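These notes are about the structure you will find just below.
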Amino acid sequence: MIEKLLTRAEHQPNQPIYYFFDSSGKESANFTYESLLNAVQRIGLFITEQSQLSDRIAIMLPTEPAFVATFLACLFTHRIPVPLSQPTRRHGCEYYQQIFSDCDARLIITDPSTQTVFEKEALDISAQILTLPSLETLSPLLSPVDEQTSNIAFLQYTSGSTSFPKGVIVSHENIVANNKMIQHSFGHSSATVMLGWVPLFHDMGLIGCMLQPLYVGFLCYLMSPATFIQRPKLWLKAISEKKVTTTGGPNFAYDLCVKRIEATSIEGLELSSWEVAYNGAEHIKPITLEQFSEKFAPYGFKKKAFLPCYGLAEATLIVSGTEKHQEPSILEFLDTEAQILDANALQNTNRLRLVVSSGKIVPELCVRIINPKTLTECSIHHIGEIWVAGPSITLGYWQKPEKTQENFVVRDGLRFLRTGDLGFLDDEGKLYVTGRLKDLIIIDGENYYPQDIEETVKSSHPAIHGCHSAVFSVDRKYFPKLVVVTEVEREFRHQVNFYADEIKEAIKNSVLNHYQLTLHDIVLLPINSLPQTTSGKIQRQKTKSLYLSQQLKA
């Protein structure tokens, strides 16, 4: 990637590559290739004075020029960047202390407010906590560091949705290979205009929004996640004003636009330039695609712009994606037998599921669907664990040889990643992701996907519409029993004692009617109480652990 920067800075010095939006959606800063290289060189010298080759450097900065330049400066000097989120109520100092210890960070580069938080907590770490000086005060390191002691580019800590985050070791070759795959799948060229709001510490933001423009050579606008969450209309307005061709995010982003954006606030919106609306990183809901398309079609949005995709940190990022300019494929199947069924075959069953295809496997990757019990390959339309092999499969987990050996296995001469995700392939080679292996609930020999039951729970009562919930099973007298933990809307919170029985009865009846399952327990929580990863995924296994240890604050 540094070679790309050097080449473009030499031949296109004044060509803009990144524009940054402030919290009001206005442009606040930008980088040309020349100014980006200058910032990288100056921060590079600062880093070399504070660290050694291959030292791990935690980067805890918001979506701003300093993050981009610092990450690339680490690559420029052959240090190993570790992009991380900043502390939040959910993820406090103890969480980060574990990560700093795990990667043995030499430096933590952050902003003054985070530095103050860490210094007040007196963290038990060996790393030095630094803020960046003004670039004007720094001298440039004119050439990249030639000496290379490692092929490691950076460490990407996993979301930790089912366990404590692990540091995925991403090589320089992994970055190049996966960026090539993204370019092919999304149809990117120098004419592409991208807008990203997903956090840059997240693989979708880092690889897909920050490094992809540098790899291909196109313009990218960057918006902070907080700006999008607080005012999603600013995302759509930026698409309209800047004629953005590629942008997207997890499924919840499209849901947020449907629920929060009023027609009166987006008069004159024009979305016809939007060619690739990628949707990934979490469960993709068919109803979301329908509702978003219907609501924003009058403004020029085309349903065929949707590009559902699948990826994960251990594969660097992308594994599969829907072909550009094709409407997403949606299939109906009976999850008890994991068989595709004719849409009219079983009209009266409640166990039929709709699942959105995550598209075809990108070139150079091999995907197999493996029965996790027998380790035999599954036939078409049968669900198993998704295994992936190819040049973007990462090197393993930092300082975790046993976990690496467990998740990265050799079969038929290929090194496969066992993703832990469940899914199937159809007869056209399209991938359908159905859930997480660790989250799968098995009761009386039947398989149940927690996200399906959680959707049923959300729709059972107005007090929990739009709220997060977690569904899992617990062993009681040698038999698995189903537990629902759900948040309650703020407007009902002060009356929750009055409504509690009504809410629980509604949940119980909905789950019984849809799945013929009796609930063992229902726990009601205040809004924003369920454990989440830094990327917003509900941590079902952590919720289960808190439930069993009676630590949930109902």
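Residue numbers (the numbering used here): 104 to 657. A virtual CB, placed ideally from N, CA and C, is assigned to each residue, including glycine. Keep in mind that this is a model prediction, so the values were computed, not measured.
### Task
Would you check if the distance between the CB atom of residue 289 and the CB atom of residue 347 is smaller than 7 Å?
no
### Task
Go ahead and pull the three-state DSSP assignment for residue 643.
DSSP places residue 643 in helix when its eight states are reduced to three.
### Query
In its own chain, which residues sit with a C-beta less than 7 Å from the C-beta of residue 429, not counting the 5 before and 5 after it?
407
### Task
Below 7 Å CB to CB, which residues in the same chain sit around residue 474 once its five sequence neighbours on both sides are set aside?
481, 487
### Message
Taking 7 Å as the threshold (C-beta atoms), are residue 130 and residue 112 in contact?
### Response
no
### Query
Taking DSSP as the reference, what is the three-state secondary structure of residue 180?
coil
### Query
Once you ignore the five residues that flank residue 446 on each side, which residues in its own chain have a CB closer than 6 Å to its CB?
Only weak support is given to the placement of residue 446: the predicted model assigns it a pLDDT of 36, under 50, and the question is left unresolved by the model.
### Message
Buried or exposed, going by whether 16 or more other CB atoms sit within 10 Å of the CB of residue 281?
### Response
buried
### Task
State the DSSP-derived secondary structure class of residue 121, mapped to helix, strand or coil.
Strand at residue 121.
### Task
Tell me whether residue 352 is buried or exposed, calling it buried when 16 or more other Cβ atoms sit within 10 Å of its Cβ.
Residue environment for residue 352: buried (at least 16 other C-beta atoms within 10 angstroms of its C-beta).
### Message
Quick check: the Cα distance between residue 368 and residue 127, rounded to an integer number of angstroms?
### Response
14 Å
### Message
Checking 7 Å against the spacing of the C-beta atoms, do residue 160 and residue 210 come in under that value?
### Response
yes
#### Entry: Collapsed DSSP secondary structure at residue 631 in the structure displayed
coil
### Cα-Cα separation between residue 148 and residue 392, rounded to whole angstroms
A direct Cα-to-Cα measurement between residue 148 and residue 392 gives close to 47 Å.
### Query
Rounded to a whole number of angstroms, what is the C-alpha to C-alpha distance between residue 277 and residue 284?
11 Å
### Query
Should residue 204 be listed as close to the ligand SAH, given that the test is whether its C-beta is under 6 Å from any heavy atom?
The model depicted lacks the ligand SAH and carries no ligand whatsoever.
### Message
What ranges does the alpha helix (DSSP H) occupy inside the region 210-278, keeping only unbroken runs of at least 4 residues that lie completely in it?
### Response
215-224
### Query
What is the DSSP secondary structure of residue 360, reduced to helix, strand or coil?
helix
### Query
Who are residue 350's beta bridge partners in DSSP?
380
### Message
Assuming residue 202 and residue 498 are in contact, meaning their beta carbons sit under 8 Å apart, how far apart are those beta carbons, in whole angstroms?
### Response
Contact doesn't hold; Cβ gap of about 18 Å is too wide.
### Query
For the beta strand (DSSP E) that contains residue 550, what are its first and last residues?
549-551
### Message
Out of 564, 150, 386, 615, which one is the CA nearest neighbour of residue 602?
### Response
564
### Query
Roughly how many angstroms separate the alpha carbons of residue 642 and residue 576, rounded to a whole number?
The alpha-carbon of residue 642 is positioned some 14 Å away from that of residue 576.
### Task
Rank 562, 554, 623 by C-alpha distance to the C-alpha of residue 579 and give the top, closest one.
The candidate whose alpha carbon is nearest that of residue 579 is 623.
### Task
On a CA-only basis, which of 650, 647, 639, 646 is nearest residue 329? Give me that one, please.
639
#### Entry: Cβ contact (3+ pairs, closer than 8 Å) linking the region 516-533 and the region 465-474
Short answer: they touch.
### Task
Under 8 Å by Cβ, that's how I've got residue 414 and residue 383 pegged, so tell me the actual separation to the nearest angstrom.
6 Å
### Range of the contiguous beta strand (DSSP E) that encloses residue 678
Here the chain has residues from 104 to 657 only, and residue 678 is not among them.
### Query
Where are the alpha helix (DSSP H) runs, 4 residues long or more, that stay fully inside the region 299-357, in chain order?
315-319, 328-333, 336-345
### Task
Assign residue 240 to buried or exposed, taking buried as 16 or more other Cβ atoms, counted over all protein chains shown, within 10 Å of its Cβ.
exposed
### Query
Does the Cβ of residue 114 have 16 or more other Cβ atoms within 10 Å, making it buried, or fewer, making it exposed?
Exposed is the call here.
### Task
Using DSSP bridges, identify the partner residues of residue 521.
490
#### Entry: 8 Å Cβ shell around residue 560 - same chain, five flanking residues per side excluded
Closer than 8 Å at the Cβ level, and outside the excluded window around residue 560, lie 567, 572, 574, 587, 589, 610, 613, 614.
#### Entry: Cβ pair residue 298, residue 313 closer than 7 Å
no
### Query
How far does the beta strand (DSSP E) with residue 583 in it reach, from first residue to last?
582-591
### Task
Alpha carbon to alpha carbon, how far is residue 176 from residue 377? Give it in angstroms, no decimals.
C-alpha separation (whole angstroms): 32 Å.
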